[in-house]
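Below is one structure, written out as structure tokens; the observations come after it.
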Amino acid sequence: MAAFEDRFYLEDPGLVQRLRRDASLLLWLAGGLVQWFRGRTVRSAYAQAQQRNAAIVLEDYVDPGAE
Amino acid sequence: MKKRFPDASYAFRYRNAPLSGNVINGLGETSRRRPRQIFHGSGRRRLEWQRLQTFFALTMPFRIYWQGLRNYWLLRKADGRVAKRRLTPDPAESATKIKAIAMQAGAGGVGICRMTGEALYQGYDPGYESAISIMMPMNLDEMRHVPEERAAVEVMRVYFEISRVAITVAAAIRAMGWRARAYGESADILHIPLAVAAGLGELGKHGSLISKSFGPNVRLATVLTDMPLAYDSPVDIGVEDLCLGCRRCTIDCPADAIVDQKQLVRGENKWYVDFDKCVPYFTKTLGCGICIEVCPWTRPDRGESLSRKLLDKRATRRARTPAPSL
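The listed protein sequences correspond, in order, to chains U and P. Numbering of the first sequence is given in my numbering, commencing with residue 58 and proceeding in unit increments. Numbering of the second sequence is given in my numbering, commencing with residue 3 and proceeding in unit increments.
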């Protein structure tokens with residue numbers, strides 16, 4: 058896995074490199090936004106569980122690929 | 003008696019629990035080693051508690067999540083081109099100049115120390131010689147609302163602002179011809195050991211830095227650099243005396259995560275917070291922060307006089323202690 062700094066920090070960037078990095082970071086952030094919106098299933102199940110004094114099982118809702 | 007805070011019951015659970023965070027942290031280990039990331043991460047490696055981390059992110063209110071993304075966008079400026087012409091002023095003079103730049107940019111305090119392995123997670127070494135530790139206080143009126151959304155928004159705001167300060171400092175150093183990289187949250191370095199070594203404060207029982215002026219009500223960022231700088235020394239402001247006698251955070255922590263005695267952690271006897279109890283509550287409450295806000299040192303304008311009283315009391319105690327008979 059590549060760390061955030063390895064992917065997006067540039068020590069001596071030219072203009073093109075910087076633009077490329079910015080575009081790639083914007084895409085990465087957009088991916089984060091999409092992930093949050095897709096998380097509505099989790100939020101809804103979690104809210105319902107809180108009301109019922111029950112507990113959701115994390116493995117059922119959070120992408121196992123994330124682990 | 004516990005007060006006013008939500009209890010430590012959870013509407014989420016594991017089917018198969020991950021390895022204990024206390025084991026990963028090296029609780030009870032007698033030899034020194036570098037720490038490993040468990041929960042917040044930089045993306046460098048798979049986290050042992052990644053599932054809970056993802057759940058934490060997905061259940062965050064949108065405005066907090068959005069602020070987190072803004073922080074990441076800002077951090078692209080953490081590194082950059084180093085000026086070809088290298089200025090080599092006196093290390094003490096450089097340190098004064100760098101501190102002035104940080105304070106002008108909005109820091110609440112700055113200290114400088116030699117970079118140590120203790121502040122680096124396993125498998126990471128960026129190869130810098132010095133660390134500039136920066137702290138910034140959070141707004142107490144907002145932080146009184148822990149552990150609610152309003153306080154979490156303030157935390158994220160300060161992370162953004164302190165990252166901006168660190169980026170400004172790193173850019174100024176690079177303009178003087180030396181490598182420098184700004185580190186905000188979710189980095190591969192531990193900010194607290196560096197802040198302690200740089201004299202910004204001491205480690206408190208609740209696992210956070212306690213600074214003289216702001217108590218633990220601060221956030222930290224770091225700039226790593228090769229620029230020759232004069233180092234500050236660790237300070238004794240009386241935190242040890244306070245934490246040994248005070249049980250405020252231990253009593254108020256709804257998760258019972260704060261341990262009253264120092265623990266052996268990776269070969270060092272120090273204050274330790276039970277990770278397995280703290281982090282689920284942290285997740286449930288959008289980042290908690292109760293221990294920071296109930297700490298007596300957090301009360302506005304109290305730090306200086308509290309430190310003085312604690313140190314005076316210790317001096318009096320020592321003066322009254324008879325010398326051992328020979």
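Glycine included, C-beta positions come from ideal geometry on N, C-alpha and C.
Straight-line gap, residue i to residue j (C-alpha atoms, nearest Å)
i, j, result
"residue 69 of chain P", "residue 118 of chain P", "31 Å"
"residue 224 of chain P", "residue 324 of chain P", "44 Å"
"residue 123 of chain U", "residue 87 of chain P", "Reliability of the predicted coordinates at residue 123 of chain U is poor, the pLDDT of 48 falling under 50, and the value obtained from them is presented with this limitation in mind. Roughly 45 Å separates the two Cα atoms."
"residue 46 of chain P", "residue 220 of chain P", "26 Å"
"residue 17 of chain P", "residue 116 of chain U", "7 Å"
"residue 10 of chain P", "residue 150 of chain P", "15 Å"
"residue 181 of chain P", "residue 59 of chain U", "22 Å"
"residue 261 of chain P", "residue 7 of chain P", "19 Å"
"residue 90 of chain U", "residue 95 of chain P", "45 Å"
"residue 100 of chain P", "residue 82 of chain U", "29 Å"
"residue 1 of chain P", "residue 51 of chain P", "Because residue 1 of chain P is not part of the residues shown, which for chain P are 3 to 328, the question remains open."
"residue 85 of chain P", "residue 127 of chain P", "23 Å"
"residue 21 of chain P", "residue 315 of chain P", "43 Å"
"residue 210 of chain P", "residue 295 of chain P", "11 Å"
"residue 332 of chain P", "residue 301 of chain P", "Because chain P is modelled from 3 through 328, residue 332 of chain P falls outside the range shown and cannot be assessed."
"residue 292 of chain P", "residue 14 of chain P", "21 Å"
"residue 69 of chain U", "residue 44 of chain P", "22 Å"
"residue 321 of chain P", "residue 120 of chain P", "36 Å"
"residue 284 of chain P", "residue 290 of chain P", "5 Å"
"residue 267 of chain P", "residue 80 of chain U", "43 Å"
"residue 153 of chain P", "residue 103 of chain U", "21 Å"
"residue 78 of chain U", "residue 76 of chain P", "13 Å"
"residue 145 of chain P", "residue 298 of chain P", "14 Å"
"residue 118 of chain U", "residue 35 of chain P", "35 Å"
"residue 83 of chain P", "residue 67 of chain U", "8 Å"
"residue 205 of chain P", "residue 97 of chain P", "24 Å"
"residue 114 of chain U", "residue 54 of chain P", "11 Å"
"residue 123 of chain P", "residue 327 of chain P", "48 Å"
Burial state of residue i, where buried means 16 or more other Cβ atoms lie within 10 Å
i, result
"residue 106 of chain P", "exposed"
"residue 78 of chain P", "buried"
"residue 94 of chain U", "exposed"
"residue 178 of chain P", "buried"
"residue 90 of chain P", "exposed"
"residue 190 of chain P", "buried"
"residue 254 of chain P", "buried"
"residue 108 of chain U", "exposed"
"residue 65 of chain U", "buried"
"residue 96 of chain U", "buried"
"residue 27 of chain P", "buried"
Neighbourhood of residue i by C-beta distance below 6 Å, restricted to the same chain and skipping five residues each side
i, result
"residue 174 of chain P", "103"
"residue 259 of chain P", "275, 276, 279 and 280"
"residue 184 of chain P", "80, 168, 169, 172 and 225"
"residue 217 of chain P", "297, 299, 300 and 305"
"residue 230 of chain P", "93"
"residue 41 of chain P", "51, 55 and 281"
Sequence-distant residues of its chain with Cβ nearer than 8 Å to residue i (five each side left out)
i, result
"residue 303 of chain P", "none"
"residue 271 of chain P", "264 and 265"
"residue 98 of chain U", "118"
"residue 155 of chain P", "65, 66, 69 and 144"
"residue 73 of chain P", "158, 161, 162, 165, 186 and 187"
Same chain, Cβ closer than 7 Å to residue i, neighbours up to 5 away in sequence not counted
i, result
"residue 312 of chain P", "240, 243 and 244"
"residue 12 of chain P", "282 and 286"
"residue 331 of chain P", "In the structure displayed, chain P extends from 3 to 328; residue 331 of chain P sits before or after that span and is not available."
"residue 30 of chain P", "266"
Next item on the list: Would you check if the region 195-203 of chain P and the region 233-244 of chain P touch, i.e. whether three or more CB-CB distances between them fall below 8 Å?
Entry: yes
Check: What residues in the region 73-86 of chain P have a beta carbon less than 8 Å from any beta carbon of chain U?
Finding: 74, 75, 77, 78, 80, 81, 82, 83 and 84
Check: For the region 5-38 of chain P, which residues have a CB atom closer than 9 Å to at least one CB atom of chain U, in sequence order?
Finding: 11, 12, 13, 14, 15, 16, 17, 18 and 20
Margin query: Give me the subset of the region 196-211 of chain P whose CB atoms are less than 7 Å from a CB atom of chain U, sorted by chain position.
Written below: none
Checklist line | Contact list for the region 96-113 of chain U against chain P, Cβ threshold 8 Å | finding: 96, 99, 100, 103, 106, 107, 110, 111, 112 and 113
Check: Would you say the region 247-260 of chain P touches the region 154-169 of chain P, given that touching needs at least three Cβ pairs under 8 Å?
Finding: no
Notebook entry, point to check: Using 8 Å as the Cβ pair cut-off and three pairs as the minimum, do the region 57-68 of chain P and the region 71-86 of chain U touch?
Noted result: no
Next item on the list: Answer yes if the region 108-117 of chain P comes into contact with the region 130-147 of chain P, meaning at least three C-beta pairs across the two stretches below 8 Å, and no otherwise.
Entry: yes
Check: What are the residues of the region 69-81 of chain U that lie near chain P, defined by any Cβ-Cβ distance shorter than 8 Å?
Finding: 69, 70, 78 and 79
Checklist line | Short-range partners of chain A found in the region 281-314 of chain P, where Cβ spacing is below 7 Å | finding: Going by chain labels, chain A is absent from the structure shown, which instead holds the protein chains U and P.
Note to self: Please identify, using Cβ separations under 7 Å, the residues of the region 117-146 of chain P that lie next to chain U, in order along the chain.
What the structure shows: none
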